[in-house]
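Student:
Residue numbers (this note's numbering): 339 to 390.
#1: Quick one: measure Cβ to Cβ for residue 357 and residue 374, integer angstroms, because I've assumed they're closer than 8 Å.
#2: Using only the alpha-carbon positions, how far apart do residue 349 and residue 359 sit?
#3: So, for residue 371: in the same chain, excluding its five sequence neighbours on each side, which residues have a beta-carbon less than 8 Å away from its beta-carbon?
#4: In the structure shown, what three-state DSSP assignment does residue 389 receive?
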């Protein structure tokens, strides 16, 4: 795996984690977190949403 691939994966994780934090603190809705997530399926699992 290249450095670029690893960095991209880390960026995706960090971005989705930031979205999840905003969701769990009530700043954004579940539709927003799923809509902007880089990995919406994984984020949906983390918030317990099956509507995807």
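Quick reminder that beta carbons are idealized off the backbone N, C-alpha and C, glycines included.
Note that this is a predicted model, so its numbers are computed, not measured.
Tutor: Let me lay it out:
#1: 6 Å
#2: 15 Å
#3: 357, 358, 360, 361, 381, 385
#4: coil
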